[in-house]
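Just so we're aligned, residue 45 is where the sequence shown starts under my numbering, counting upward by one. No residue lacks a Cβ here, since even glycine has one placed at the ideal position from N, Cα and C. Working notes, beginning with the structure itself.
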Amino acid sequence: MKRQLGAWIGGLMMVVAADALAGEPDLVPPKLFSARGGLGNLFAKLQGNGAVTIAYFGGSITAAPGWRPKTLKWFQTTWPKAKITEVNAAIGGTGSDLGVFRCGQDVLAHKPDFVLVEFAVNDGGAAPDSIYRTLEGIVRQIWRANAETDICFVYTIHKAFLPDYEKGFCNRSTTAHEKVADHYGIPSINMALRVAELHKAGKLIFPFPPKDTPPEGKMVFAHDDCHPNDAGHELFTQVITDALEEIQKASKPGPHKLPEPLRADNWENAKLVPIEPSMLTPGWRKLPTDDGFGKWFGNRLPALWEATKPGEKLSFRFKGTLARLYDLVGPDGGKAICTVDGKVTRTVPRFDMYCNYHRLATLAIAEGLEDKEHSVTIEVSPEQPDREPVLKQVRDQKGFDPKRFDGTVLRVGYIMLLGDLINP
């Protein structure tokens, strides 16, 4: 998450809304919570002792064994007769720009009754206009799938957000999230505000080295810039559960109505498209799902294809404006030559300064295209990426194996489209 942050909203009314959101937004004052339209459907099901599925949709702060399982336990303890289950739809280091593509697979496929959305930190490096498009796309996907699914935005904190909070404002990404929440009547809970208040009062510190003894009377919130320790997650949990108790008082059940979008160019139609054998040259192979990469990443990439030799290609055609790949980067990652409409547009390494291990990633092929038919080819380059930034860190470590950092490998799980695939 912090790696990506540091490395890394038809008609006149819609036009006016988009213009009002263009550029840098005016930062908004923070509130611990805003009930807005409430969570009436959630609480009705809980009180009726029904089956309730809660999806936690976010980055590594949500993926951690912290506020997510702690709030789940609170729900289960508070409504012991309800059948409450969890969907962990969190992926570390990812924001709403990936979330809008994976929402269908990772969230909606589980038919959630309640979705907690945590992307403010990982959206921290994104432009507000980008956040409006992706976050609004997530909201519209959820409510088009089921108008009775309740949504709540929750806001975590990064050290870089403190100056804005200490001046009495939400940071830029949280402000963008609040504008979407306002438009759709979505409740929000701001745990970051409580952290900032305690920090300003001198009662809370972060980051703080885990082996050091903290000053007397000060709570250590995190050992780095944004990932809470257990005490930090406990603080988050208290803010969330206190807010939910208040939001419940203002909640009435009923279907959510989709208003006109904030932006006509929102990413509601973002989708993941499976890779078919007909798109691939013969050197690609589908990895087994019971071992290795296919098993390790199978919960997010149920079908993972691998090419190791230069010249192997993935080709497809689509009608739309954006194309990416949902793939892996890692020590043996190669370079991908991207050709769009017959022209080589870029060569993208599937290796970066954090690639001492393999992880989920996205490969940007093209965006902002004219909304028409396009052809795309991804080819394995014969050239390897510059691996020295990582090698100089690990070369002297015990068990170092240079073979791990040798290869021209592409591993791809999905095509990501704003548009529709054109079948051969």
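When the beta-carbon positions are compared, L372 and L404 come within less than 8 Å of each other. Boundaries cannot be given for M397, as no alpha helix (DSSP H) includes it and DSSP labels it neither H nor E.
Look at I230 here: in three-state DSSP terms it is coil, with no helix or strand label.
Per the coordinates, the alpha-carbon of D440 lies some 17 Å from the alpha-carbon of Y398. The beta carbon of G82 sits closer than 7 Å to those of P231, I291, A294, S295 and K296, all from its chain and outside the five residues before and after it, given in chain order.
Taking a C-beta distance under 8 Å as the contact criterion, Y100 and A133 qualify as a contact pair. T452 is positioned such that its CB atom lies no closer than 8 Å to that of S419.
The beta carbon of P354 sits closer than 7 Å to the beta carbons of V424, S425, P426 and T452 from its chain, once the five residues preceding and following it are set aside; these are given in chain order. Judged by beta-carbon spacing, F145 lies within the 8 Å limit of A314, meaning their Cβ atoms are closer than that value.
When DSSP reads this structure, V456 sits in a beta bridge with W349 and D371. Annotation for D256: no beta strand (DSSP E) segment contains it, and DSSP assigns it neither H nor E. Residue pairing of V317 in beta bridges, as defined by DSSP: I459.
Per DSSP, reduced to three states, the secondary structure at V165 is coil, with no helix or strand assignment.
With fewer than 16 other Cβ atoms inside 10 Å of its own Cβ, E417 counts as exposed.
Closest option to I175, judged by alpha-carbon separation, among F77, T193 and G143: G143.
Annotated three-state conformation of S359 is strand, per DSSP. By a beta-carbon distance limit of 8 Å, Y458 does not contact V264. Their separation comes to about 40 Å. Here the alpha carbon of E278 sits roughly 18 Å from the alpha carbon of G102.
Annotation: F101 is outside any alpha helix (DSSP H); the continuous beta strand (DSSP E) that includes it extends over A95 to G102. Listed in chain order, the non-local C-beta contacts of L242 below 6 Å within the same chain comprise L248, local neighbours out to five positions each way being set aside.
Secondary structure at P73: coil, using DSSP grouped into helix, strand and coil.
Counted as a single uninterrupted DSSP element, the beta strand (DSSP E) harbouring L404 occupies residues R403 to A410. In the structure shown, C147 adopts helical secondary structure according to DSSP, grouped into three states. Distance from the Cα of E260 is smallest, within the candidate group D173, G246 and P254, for G246. Beta bridge pairing from DSSP links C196 with L160.
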